[in-house]
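Residue numbers (this note's numbering): 246 to 439. Cβ atoms here follow ideal geometry from the backbone N, Cα and C, with glycine treated the same way. Taking it in order: structure first as structure tokens, then the write-up.
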């Protein structure tokens, strides 16, 4: 296969199985580690469930979205740290399948972040009049941006209180039309696009 992007997630196991996996990782033998841990997930992105086998025990797993994005780092010499991935999902493993279909995890990873999704990411109350005004302003901005992208030339002025205005006018596909009081940087030629 071609170069695939590396994807990472957090694996949350019960304490007994976590100790088993931690011991196998510290030994560092790849061939034996395959016998200790295996993960099989359903291919359906909406179901987000699977099974995790730790030695002979089978656990039910569910992929959940974390309330925030976490950076994953690695080091080779314990001096320089390199970012390897953004982690936004966690595989929660339990002996019995979890009830509920929510794929959004309500808590963070550390105890102070319990119910962080409700506490820090509350729904914001909106004023209906302000919403209508914002929608209208966004519409006007899109019209102006569309008109600007279709323009053949641009003209802008820089005004200071004590000085005459600096006007710069230019054709987008050619040379500047006029440049009064502008610097040499603003009067550079624009390459013809063909």
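Next on the checklist: I'd like to check one pair, residue 332 with residue 347: are the Cβ atoms closer than 8 Å?
Outcome noted: no
Item to check | Proximal residues to residue 294 (C-beta, below 8 Å), its chain only, five neighbours per side dropped | outcome: Taken in chain order, the residues that qualify are 286, 287, 305, 306, 307, 308 and 342.
Checklist entry - What residue range is occupied by the uninterrupted alpha helix (DSSP H) comprising residue 393? => result 373-394
Checklist entry - Helix, strand or coil for residue 269 per DSSP? => result helix
Item to check | Of the listed residues 315, 338 and 335, nearest to residue 328 (C-alpha basis) | outcome: Measuring from the Cα of residue 328, the nearest candidate turns out to be 315.
Item to check | C-beta contact flag for residue 414 and residue 404 at 8 Å | outcome: no
Item to check | Residues bridged to residue 400 [DSSP beta-bridge criterion] | outcome: 414
Checklist entry - In this structure, does DSSP put residue 263 in helix, strand or coil? => result In this structure, residue 263 counts as helix in the three-state DSSP scheme.
Next on the checklist: I'd like the span of the beta strand (DSSP E) that includes residue 408, first residue to last.
Outcome noted: Looking at the DSSP string, residue 408 is not in any beta strand (DSSP E), and its letter there is neither H nor E.
Checklist entry - What is the rounded straight-line gap between the Cα of residue 468 and the Cα of residue 408? => result Residue 468 is absent from the model: the chain starts at 246 and stops at 439.
Checklist entry - Going by Cα to Cα distance, which pick from 267, 292, 291 and 289 is closest to residue 281? => result Residue nearest to residue 281 within the set 267, 292, 291 and 289 is 267 (criterion: CA-CA distance).
Item to check | Residues of its chain near residue 253, where Cβ-Cβ distance is below 6 Å and the 5 sequence neighbours each way are ignored | outcome: 317, 330 and 332, listed in sequence order.
Checklist entry - In whole angstroms, what is the alpha-carbon distance linking residue 384 and residue 377? => result 11 Å
Checklist entry - Mind checking whether residue 410 and residue 366 have CB atoms under 8 Å apart? => result Cβ distance not < 8 Å, so residue 410 and residue 366 don't count as in contact.
Checklist entry - So is residue 382 buried or exposed if we call it buried at 16+ other beta carbons inside 10 Å? => result exposed
Checklist entry - Of all the options 310, 298 and 390, which has the alpha carbon lying nearest to the alpha carbon of residue 447? => result The requested residue 447 does not occur in the structure, where the chain is confined to residues 246 to 439.
Checklist entry - Which residues in the same chain have their Cβ closer than 7 Å to the Cβ of residue 360, if we skip the five residues on either side of it in sequence? => result 351 and 352
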